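Protein chains in written order, with the working numbering: chain A, 1 to 242; chain B, 1 to 313.
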């Protein structure tokens, strides 16, 4: 079984679940965390039961997990009274971090303590790490006050290239160099799934995205292969698939 | 230059400030209460540089060698419980805090402690796994939405307690027959239960290489709230055995921390069980009773600055 951790209102996630029906894909939604049946014995995964799409599921039945949400939001915890939703959402997030981190199956991406999607890096941290491994960057500025200026990039979509890293593979890169750089940055961030944006003109790194678009069938197939372990990882030196 | 960031009234922060003043160390205090008037300008590429300006000082961030931060929930501190996110002042406070956190994550200065390193405390069972990995004993734990599982867990462990999973502070309470009529509530949200460990509480503070132990005698399940429960608390200095001290140092370093307050309970049979690692400990509660010089040790650590970064990691 593949598990997609996402909101039941996230159409791209529910589409993936439908697309991966042959792999027995199921959605793990916020609502599942408010259903009886969860049993997580810390340090004893063989006794752990999850509730996936309403059904109690042993951990060893899960072959791979794709996470498509940064956290559970308190507004989603509708079965808990309003005053307790903030606390309940925090508890659910803390629980998901512990449970997901305890699993031995492939996960895209392993959550951090602050973000279910992976490291909770700000744009400046991505730029700093990218520059640190030799990727071309433009200095990024953050000034307070002057909040409004902080988000101005000034690039049209046509000036940008979006690439997606899945494991050791990179999709959409205009050159092998950019593909290799993207994979390298993903490795530094310890993530298997990462969207990156570069400037077309000179290959300057612009930003990173832990929840990249997976609507491209080639990319979603790569994600599925990664999660099911059906892709034989090539050496990084073989370059990108693009 | 040492930068201290937090609230003037915060007792651990005040204790460290007092040490630095007594030593005539070069430091500045950034009062969180005035964050809405402070300015920060960051420029990041392969370097991280910028300036920080408050009512009291203007600082080139390159000159900062060490930071001690204990930021509180600024929304509550600055504008009360009912935070209005459309309030421009609050927006500026949040933006400033976010920029400061961003800088503390990247600066080469010694940061006690980096926010990302403190985050393991956001998920207690996750942190517990890291504690176990570091070779320490931790209580048996069940997190469940299944009332039946709670009863089975109670049957196999006798007395059990429940506590929050997240970093939200909760009063650790024993689960008893009085809770049975509310047990079905666990279905609404995963709830954490642990075997009850009977014994004496210990708080061990690690500051760089220095280790300070305190022994706490109390009848309540959670000594932090003993007075509320009508129980008394007695705290004494405790000489931490060498092996345990080494384990505490290693655990602290493995979590990326320079300062930690580690909670243990030791049973009559000598089982040391680690409950959690507090990455921003309110050490003055213990220091005031034991007379241990924890704040001096933190001042030493800050004084050594970025040299310590290289030594410990």
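For glycine and all other residues, C-beta sits at the position ideal for the given N, C-alpha and C. Here the structure is a predicted model, which is why all the values come from computation and not from measurement.
**OP:** For residue 215(A), I'd like the list of residues in its chain whose CB is within less than 7 Å of its CB, leaving aside the five on either flank, ordered along the chain.
**Re:** 12
Subject >> Cutoff 6 Å; reference residue 209(A); Cβ partners in own chain excluding five residues on either side >> reply: 195
**OP:** Assign residue 310(B) to buried or exposed, taking buried as 16 or more other Cβ atoms, counted over all protein chains shown, within 10 Å of its Cβ.
**Re:** Any reading at residue 310(B) must be qualified, since the residue scores a pLDDT of 47, below 50, and its modelled position is unreliable; no value is offered.
Original post:
With a cut-off of 8 Å, does the C-beta of residue 140(A) fall near any C-beta of chain B?
Top reply: yes
**OP:** Quick one: grab the DSSP three-state call for residue 16(B).
**Re:** helix
**OP:** Would you tell me roughly how many angstroms separate the C-alpha atoms of residue 224(A) and residue 19(A), rounded to the nearest one?
**Re:** 10 Å
Original post:
Can we say the region 143-151 of chain B touches the region 281-300 of chain B, given the rule of at least three CB pairs closer than 8 Å?
Top reply: no
Subject >> Test: residue 4(A) CB closer than 8 Å to a CB of chain B >> reply: no
**OP:** Spatial neighbours of residue 245(A) within its chain, please: CB distance less than 7 Å, with the 5 preceding and 5 following residues excluded, ordered by chain position.
**Re:** In the structure as shown, chain A starts at 1 and stops at 242, and residue 245(A) therefore has no counterpart that could be examined.
**OP:** Compare the beta carbon distance of residue 299(B) and residue 65(B) with 8 Å and say whether it is the shorter of the two.
**Re:** no
Original post:
So, does the CB of residue 198(A) fall closer than 8 Å to a CB anywhere in chain B?
Top reply: no
Original post:
For residue 42(A), which residues in chain B fall below 7 Å Cβ to Cβ?
Top reply: 125, 128, 129 and 141
Original post:
residue 160(B) and residue 172(B) look like a contact to me (Cβ under 8 Å); what is the Cβ gap, rounded to whole Å?
Top reply: The pair is not a contact, with the Cβ atoms about 11 Å apart (cut-off 8 Å).
**OP:** To the nearest angstrom, report how far apart residue 297(B) and residue 207(B) are at their CA atoms.
**Re:** 6 Å
Original post:
Considering only residues of the region 5-65 of chain A, which uninterrupted beta strand (DSSP E) runs meet the minimum length of 3 residues and lie entirely inside it, listed in chain order?
Top reply: 26-28, 39-41, 49-52 and 55-58
Subject >> Partner residues on chain A for residue 255(B), Cβ-Cβ distance less than 8 Å >> reply: What residue 255(B) touches in chain A: nothing, since even the nearest Cβ is about 10 Å away.
Original post:
For residue 162(A), which beta-bridge partners are listed by DSSP?
Top reply: 197(A)
Original post:
Ordered along the chain, which non-local residues of its own chain (more than five positions away) have a Cβ less than 8 Å from that of residue 211(B)?
Top reply: 204, 205, 240, 245, 248 and 249
**OP:** Can you tell me which of the three DSSP states residue 209(A) falls into?
**Re:** strand
Original post:
At a Cβ threshold of 8 Å, is residue 7(A) touching chain B?
Top reply: no
**OP:** For residue 298(A), count neighbouring Cβ atoms within 10 angstroms of its own Cβ and tell me buried if that reaches 16, exposed if not.
**Re:** This structure does not reach residue 298(A), given that chain A is present from 1 up to 242, and the question cannot be answered.
Original post:
residue 166(B) by DSSP, collapsed to three states: which one?
Top reply: strand
Subject >> Span separating the alpha-carbon of residue 2(B) from that of residue 176(B) >> reply: 49 Å
Subject >> Whole-angstrom distance between residue 49(A) and residue 58(A), CA atom to CA atom >> reply: 5 Å
Original post:
Alpha carbon to alpha carbon, what distance is there between residue 280(B) and residue 61(A)?
Top reply: 39 Å
Original post:
So, does the CB of residue 74(A) fall closer than 8 Å to a CB anywhere in chain B?
Top reply: no
Original post:
In chain order, what residues of the same chain lie with their CB nearer than 6 Å to the CB of residue 160(A), ignoring the 5 residues before and after it?
Top reply: 197
Original post:
Relative to the alpha-carbon of residue 88(A), which residue among 219(A), 46(A), 76(A) and 114(A) has its alpha-carbon at the smallest distance?
Top reply: 76(A)
Original post:
Tell me, which residues are paired with residue 218(B) by DSSP?
Top reply: 233(B)
Original post:
Can you tell me whether DSSP reads residue 314(B) as helix, strand or coil?
Top reply: Nothing about residue 314(B) can be reported from this structure: the residues present for chain B run from 1 to 313 only.
**OP:** Have a look at residue 174(A) and residue 155(A) and give me their C-alpha separation to the nearest angstrom.
**Re:** 18 Å
**OP:** Under 7 Å between beta-carbons, which chain B residues line up against residue 122(A)? List them in chain order, please.
**Re:** 102
**OP:** Would you list, in sequence order, the uninterrupted beta strand (DSSP E) runs of no fewer than 3 residues that lie entirely inside the region 64-152 of chain B?
**Re:** 66-69, 110-112 and 141-144
Subject >> Members of the region 221-232 of chain B that neighbour chain A once the beta carbon cut-off is set at 9 Å >> reply: none
Original post:
For the beta strand (DSSP E) that residue 261(B) lies in, which residues bound it at each end?
Top reply: 259-266
Original post:
Measuring CA to CA, which of 96(A), 138(A), 29(A) and 180(A) is closest to residue 201(A)?
Top reply: 138(A)
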